[in-house]
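Letter by letter, the sequence shown follows residues -25 to -1, 1 to 309 in mature numbering (1 follows the signal peptide of the UniProt record, and there is no 0).
All C-beta atoms, glycine included, are put in the ideal place defined by N, C-alpha and C.
Worksheet: the structure to be examined is printed underneath.
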Amino acid sequence: MQSIVRLMTIVAALLALMPAAPVLAADVGFEQVAIPNGAEPPLAAGIWYPTTAPATPHALGDLTQTIAPDAPIAGRHLPLVVLSHGGAGWYGGHYDTALALARAGFVAAALSHAGDTFDDQSRVLQLWRRPAQLHRLVDYMLDDWHGHEQLDAARVGAFGFSNGGFTALVAAGGIPDLATIAPFCEAHPDHDLCEALRHANVDVHSGAQVPAGAWVHDPRIEAVVIAAPSFGFAFGRAGLSGVRAPVQLWSAADDRHQPHPWYDEPVRDGLPRAPAWHVVDNAGHYDFLPPCDARLARRRPQICDSKPGFDRAAFHERFNAAVVQFFEAVLRQH
């Protein structure tokens, strides 16, 4: 009898150490946090996570999401995905993807990249700041967040769109050459990316002044999803040789903001391991952002309008499902 009890105790201890199966949450909890950022003001961030508390509609900036604010966290050994928004965005920019991840049993954390948000473009070409901030977000989630003991530090993924895709690539080991931006924009002044920098009075030569040791990588990131990465031409094979994590890469077939083949394709072709490559027919650059309601569409038509016949809402159902499936498949191995 004692041997059976001892065996059951050992089995219970082993089960406690094993990663838990994904939690299919009935609802999603959400909280906003301020993350210490050295001598600079704290970074604003949002965190979505599985919960059993009932969710109700709540405002998120100009958006509405169905969440349970500051609810208890459901589950243990939960995988973490950090999200990096595009240029002039904010932490709520991919809230629908964060909700989908949380419903599938992930904790999704996104931050607003100081210096490259909708209300502050003062450091838009100091691109090295972004992966450093993302690294700080991972540190906070694994060490300081009140729910950190319910996370699995061995299962961390990163999601990024546009400038956020660039950020995720660097975080995963990429090293870009920002000195390529000025000659590129001289050769392609009609590109929206280059026009946006010019209209913002950003000196495209300033990006070449990269401080020593500025590119911060995060070896804890084990899986990466990237949509329409900006500055893809700045990497090359050598610059991407350090990216070892599996990558799912999304491209909008009708991306007029970052025209083909200078952004997505150099990343696809330069990665040491071929990514899971998805081309979305009839989609534009901003179709990777969530569908807009009528009010936001009136205020921001440049990011809300899709081509005739493209159903952004239906696409996001498929897109979010594929993102969740990829992270589940890769991070389950760890």
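Opposing strand residues paired with residue i [DSSP bridges]
i	result
residue 4	24 and 43
residue 241	Note: residue 241 sits in no beta bridge, so no partner.
residue 132	56 and 198
residue 12	15
residue 226	254
residue 86	20 and 59
residue 126	53
Neighbourhood of residue i by C-beta distance below 6 Å, restricted to the same chain and skipping five residues each side
i	result
residue 215	149, 245 and 246
residue 199	133, 143, 147, 220 and 222
residue 267	279
residue 128	117
residue 212	245
Assigned exposure category for residue i - 16 Cβ within 10 Å defines buried
i	result
residue 37	exposed
residue 233	buried
residue 173	exposed
residue 145	buried
residue 239	buried
residue 260	buried
residue 161	exposed
residue 242	buried
residue 8	buried
residue 230	buried
residue 165	exposed
residue 84	buried
residue 140	buried
residue 72	buried
residue 32	exposed
residue 21	buried
residue 105	buried
residue 255	buried
residue 40	buried
residue 284	exposed
residue 6	buried
residue 277	exposed
Neighbourhood of residue i by C-beta distance below 7 Å, restricted to the same chain and skipping five residues each side
i	result
residue 46	4, 26 and 28
residue 125	48, 50, 51 and 53
residue 168	205, 232 and 233
residue 306	54, 130, 132, 197 and 198
residue 35	67 and 70
Simplified DSSP assignment, three categories, for residue i
i	result
residue 204	coil
residue 231	coil
residue 179	coil
residue 32	strand
residue 253	strand
residue 79	coil
residue 95	strand
residue 218	coil
residue 67	helix
residue 38	strand
residue 290	helix
residue 193	coil
residue 156	helix
residue 248	coil
residue 141	helix
residue 185	coil
residue 147	coil
residue 110	helix
Close-in-space but distant-in-sequence residues of the same chain around residue i (CB under 8 Å, 5 per side omitted)
i	result
residue 113	55, 57, 131, 193, 195 and 196
residue 298	72, 75, 76, 134, 200 and 223
residue 170	164
CB contact check: residue i to chain D, cutoff 7 Å
i	result
residue 253	The structure shown contains no chain D, having only a single protein chain.
Query raised in the report: Can at least three beta-carbon pairs, one atom from the stretch 59 to 70 and one from the stretch 121 to 141, be found at a separation below 8 Å?
Result: yes
Requested in this report: Count the C-beta pairs between the stretch 186 to 193 and the stretch 116 to 124 that are closer than 8 Å, then say yes if the count reaches three, no if not.
Outcome: no
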